[in-house]
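FYI, in the working numbering the residues of the sequence shown are 1 to 159.
In this text, a Cβ means the ideal position worked out from N, Cα and C, and glycines have one as well.
Fair warning: this is a prediction, and the values are worked out from it, not measured in the lab.
Data block below; observations after.
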Amino acid sequence: TAFGRLYSELYAQIVLFCLGFVKDRTTAENITSDSFLKLLEQREPQNIENPLSWIYTVSRNSCMTYWNTKNRRAEILTEIKDRFEKVTSSDGQKKLEQAEYEELVKRSLSIDEYNIWKLHREGFNNVEISEELALAPKTVANKKTIARQKLTEAFNHEQ
Numbered sequence: 001t002a003f004g005r006l007y008s009e010l011y012a013q014i015v016l017f018c019l020g021f022v023k024d025r026t027t028a029e030n031i032t033s034d035s036f037l038k039l040l041e042q043r044e045p046q047n048i049e050n051p052l053s054w055i056y057t058v059s060r061n062s063c064m065t066y067w068n069t070k071n072r073r074a075e076i077l078t079e080i081k082d083r084f085e086k087v088t089s090s091d092g093q094k095k096l097e098q099a100e101y102e103e104l105v106k107r108s109l110s111i112d113e114y115n116i117w118k119l120h121r122e123g124f125n126n127v128e129i130s131e132e133l134a135l136a137p138k139t140v141a142n143k144k145t146i147a148r149q150k151l152t153e154a155f156n157h158e159q
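Here it is as structure tokens:
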């Protein structure tokens with residue numbers, strides 16, 4: 001089919017194009033697949049004068065949407081963190097408790113586990129943490145489980 005030929009000829013190019021925007025191969029591949037799916041779902045694909053231009057435009061727009069969503073999520077997390085800090089900073093006791101909590105966490109976890117815990121607290125998911133720390137997503141999940149167990153034990157022991 002014409003679609004199959006277009007897909008075969010352009011898929012790798014579009015992935016590389018998207019990779020320039022999103023810097024993550026899996027995300028670039030997903031955006032590319034979604035873009036081709038949108039082309040396939042067009043009610044009247046014969047009305048698309050330049051399919052090459054169309055697929056590049058749809059892919060670029062999807063990349064921009066991806067970044068806007070990711071940046072908005074980061075803004076929301078920062079806003080929540082700022083509000084939390086304002087609430088807790090007004091009370092010196094809470095600040096002291098937070099510092100003690102942070103110290104207990106640092107003492108209880110290995111460096112890797114602490115870094116994973118910290119990124120998790122900042123709102124990163126396992127895939128993002130694995131990319132940031134150059135670890136496999138499964139390793140991140142396992143270390144998070146171990147960290148959770150260690151922290152549960154440490155907090156139970158402290159009380």
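Would you give the residue range spanned by the alpha helix (DSSP H) that residue i belongs to?
i    : result
D24  : D24 -> no alpha helix (DSSP H), and no H or E assigned at all.
N115 : 111-121
L133 : 126-133
Can you check which of these residues, the options, is closest to residue i by C-alpha distance?
i    : options             : result
K151 : S8, E41, S59, S108  : This sequence places Leu at residue 151; Lys is not what is there. Of the candidates S8, E41, S59, S108, the one whose C-alpha sits nearest the C-alpha of L151 is S108.
H157 : V105, R121, P137    : V105
L171 : S62, F36, W67, T65  : The structure shown does not extend to residue 171, since the chain spans only 1 to 159, so no value can be given for it.
K38  : T27, N61, D112      : N61
G4   : V58, F155, S33      : S33
P77  : I14, R121, V127     : Per the sequence shown, residue 77 should be read as Leu rather than Pro. Out of I14, R121, V127, R121 has the C-alpha closest to the C-alpha of L77.
V15  : E29, A2, E153, S130 : E29
K138 : R148, E132, N126    : N126
E9   : L119, I55, Q149     : I55
In the structure shown, what three-state DSSP assignment does residue i receive?
i    : result
Q149 : helix
Q13  : helix
A141 : helix
T32  : helix
T1   : coil
E102 : helix
Residue i: buried (16+ other C-beta within 10 angstroms of its C-beta) or exposed?
i    : result
I111 : exposed
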